[in-house]
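Engineer: Start counting the sequence shown at 20; every next residue gets the next number (the working numbering). Dropping the structure in here first, questions after.
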Amino acid sequence: MKRWFISLYLTVLAALVVTALYGLTRSVAWSAPAGLLLAAIAPLTFFTWLAGARPARTEAHPVIVSVLSGLGAVMSMMAVYRYGDDLQPWLIGAVVALAGWLAYVTWYSRQPTPIGAPVPGEPLPGFSLFDAEGEEISTDSLRGHNAVIMFYRGNWCPLCTAQIGELAAAWRKVARYNARVWFVSGQSQKHTREIAQRFSIPAKFLRDPDNRVARQLGIHAPGATPAGLEAFGYPTDAAIPTVIVVDEAGIVRFVEVAENYRLRPDPETYLKHLAPKENS
């Protein structure tokens, strides 16, 4: 249901903005379409910023967007009160924009509760993945190395690629440790190869076909990919954004499974859990 919600909501927002702009040129009571415009353009601007600026994280509740969208709904409501019920369609549109935004913040952004996820202090379960060339790689290759394993949703997710970029920018710090870095997603080999080429760092970008490992680790998110992206070769399901740090003995030292897909740990939060190399 979530995958359909976000695609439909974005479409509705765009339609409401166009309708409001048209209404401003046709309506005598300009405050009604102006209210709709504000109610719809505030969340649409947020999503445009998310896709364009590609931040690695946002506030849990972007309050300014809620305030502006709510103000727009109030403007349309006051127009109906002042000029009559003929303006109700503008109010209905504004309420739809506001309600959709609140649903996005309080419902859509929340991730499934992980069941059986790795626990700090316990061994990381063994599993195998595939690199961009199709070669199988198992956790056995991590023995004797500290490691950061980051599960991300796919190239289509701007927060995910920004989070990868943050770690790439902090690579000098990573290099101070005897650490290996894996970036894992359930996307295709083609998409995995594309993102590996985008970041010139000695990390492995790995595939988790059918999200088998994500299921094994309890971080599987059914239907996490927005509807329509399957046309570009992305799978319907994804992993919950997750960062795992393990030590040279394969013991989990840090794990954060995102409760909200817009809230991600910064590198400073998890890199400090890497043990320094001896004699460094």
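Virtual Cβ for every residue (Gly too), placed ideally from N, Cα, C.
For SER50, does the three-state DSSP call read helix, strand or coil?
Structural biologist: SER50 carries a helical assignment under DSSP once its states are collapsed to helix, strand and coil.
Engineer: Along the chain, where does the beta strand (DSSP E) containing LEU90 start, and where does it finish?
Structural biologist: No beta strand (DSSP E) holds LEU90; the alpha helix (DSSP H) holding it covers 82-102.
Engineer: Name the two residues that bound the continuous beta strand (DSSP E) containing PHE224.
Structural biologist: Boundaries of the beta strand (DSSP E) around PHE224: 223-226.
Engineer: Tell me the DSSP bridge mates of ASN279?
Structural biologist: ARG129
Engineer: For PHE149 versus LEU225, is the C-beta distance shorter than 8 Å?
Structural biologist: Going by C-beta atoms, PHE149 is nearer than 8 Å to LEU225.
Engineer: Compute the Euclidean distance between the alpha carbons of PRO245 and PHE251, then round it to the nearest angstrom.
Structural biologist: 11 Å
Engineer: If you run the structure through DSSP and keep just helix, strand and coil, what is VAL31?
Structural biologist: helix
Engineer: Taking all protein chains shown into account, do 16 or more other C-beta atoms lie within 10 angstroms of the C-beta of LYS209, making it buried, or fewer, making it exposed?
Structural biologist: exposed
Engineer: Give the DSSP-derived three-state secondary structure of PHE218 in the structure shown.
Structural biologist: In the structure shown, PHE218 sits in coil (DSSP, three-state: anything other than H, G, I, E or B).
Engineer: Return the CA-CA distance between SER299 and TYR196, expressed in angstroms with no decimal places.
Structural biologist: Since pLDDT at SER299 reaches only 39, below the 50 mark, its modelled position is unreliable, and the value read off the structure follows with that caveat. One C-alpha to the other measures close to 8 Å.
Engineer: What is the DSSP secondary structure of ASP150, reduced to helix, strand or coil?
Structural biologist: strand
Engineer: So, is LYS4 buried or exposed, given that buried needs 16 or more other C-beta atoms within 10 angstroms?
Structural biologist: Residue numbering for the chain in the displayed model covers 20 to 299; residue 4 lies beyond these limits and cannot be assessed.
Engineer: Which residues does DSSP list as the beta-bridge partners of ASN165?
Structural biologist: ALA198
Engineer: Which term fits LEU63, buried or exposed, when burial requires 16 or more other beta carbons within 10 angstroms of its beta carbon?
Structural biologist: buried
Engineer: Which residue's Cα is closest to the Cα of ALA92: GLY103, ARG101, ASP104 and GLY112?
Structural biologist: GLY112
Engineer: Can you give me the Cβ contacts of HIS239 inside the same chain, cut-off strictly under 7 Å, excluding the 5 residues immediately before and after it?
Structural biologist: Excluding sequence neighbours, HIS239 sits near ASN230, ALA233, ASP256 and ALA258.
Engineer: Pairs of beta-carbons, one from the segment 176-184 and one from the segment 267-275, closer than 8 Å: are there three or more?
Structural biologist: no
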